[in-house]
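The working numbering applies: residue 2 is where the sequence shown begins, and numbers increase by one.
The beta-carbon is built from N, C-alpha and C at its ideal position, and this holds for glycine as well.
Nothing here was measured: the structure is a model prediction, and the numbers come from that model.
Structure first, commentary second.
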Amino acid sequence: MPENKPVAAKLLEARGVPHRLVRFDPAVRSAEGVAAAAGVDPGRVFKTLVVVEEPPRGRPFLVMVRGSAELDLRRLAAQLGAKRLKMAAPAEAERLTGLKLGGISALALLGRGFRVLLDAAAMAHDTVLVSAGERGADIELRPGDLAAVTGARIVDV
Numbered sequence: 002m003p004e005n006k007p008v009a010a011k012l013l014e015a016r017g018v019p020h021r022l023v024r025f026d027p028a029v030r031s032a033e034g035v036a037a038a039a040g041v042d043p044g045r046v047f048k049t050l051v052v053v054e055e056p057p058r059g060r061p062f063l064v065m066v067r068g069s070a071e072l073d074l075r076r077l078a079a080q081l082g083a084k085r086l087k088m089a090a091p092a093e094a095e096r097l098t099g100l101k102l103g104g105i106s107a108l109a110l111l112g113r114g115f116r117v118l119l120d121a122a123a124m125a126h127d128t129v130l131v132s133a134g135e136r137g138a139d140i141e142l143r144p145g146d147l148a149a150v151t152g153a154r155i156v157d158v
């Protein structure tokens, strides 16, 4: 029986973007756990955070940062010329994206008007891992390809 592939993997295949689909236990919620399943350094695993501008101006930002990193909202706001940013609460992030926490993915939300940002730290790696759009699945790909496909702006957060 063929494997049911996440939307992000199908999209990358259709665009001819080299990648690797990594499956792991959906209960795993840490960069370390994903890294162990993928056989990579945890510093290459990136999480996608939902950040809202206050007052709201357009769709939220999807910010991809290292799994172990803390997002500096003030620093990010300064780079974006925004007055104030806030992290979306878990329920709000799920409502805004239509995806479950642990499965929020810029690759799975293409064409939905989200503003996508990628931490410059990703560019130091040959490949990075990001969510494939569902719990228990990540996509490994080159950071330049990730930025190109998602239209991500590179930021230092």
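Spatial neighbours of residue i in its chain, beta-carbon cut-off 7 Å, leaving aside the 5 residues before and after
i, result
"residue 137", "24, 25, 26, 27"
"residue 41", "130"
Between the CA atoms of residue j and residue i - distance to the nearest angstrom
i, j, result
"residue 109", "residue 82", "27 Å"
"residue 85", "residue 50", "16 Å"
Simplified DSSP state of residue i, which is helix, strand or coil
i, result
"residue 146", "helix"
"residue 11", "helix"
"residue 62", "strand"
"residue 102", "coil"
"residue 135", "coil"
"residue 35", "helix"
"residue 151", "helix"
"residue 75", "helix"
Own chain residues within Cβ distance below 8 Å of residue i, not counting five before or after
i, result
"residue 59", "114, 116"
"residue 144", "119, 123, 124, 126, 128, 129"
Other residues of its chain near residue i: CB distance less than 6 Å, five sequence neighbours each side excluded
i, result
"residue 62", "52, 116, 118"
Beta carbon of residue i nearer than 8 Å to that of residue j
i, j, result
"residue 106", "residue 132", "yes"
"residue 135", "residue 7", "yes"
"residue 21", "residue 141", "yes"
"residue 39", "residue 139", "yes"
Status (buried if at least 16 other CB within 10 Å, exposed otherwise) for residue i
i, result
"residue 2", "Unreliable placement is indicated for residue 2, whose pLDDT of 37 sits below 50; the coordinate value is still reported in the next sentence. Classification for residue 2: exposed."
"residue 55", "exposed"
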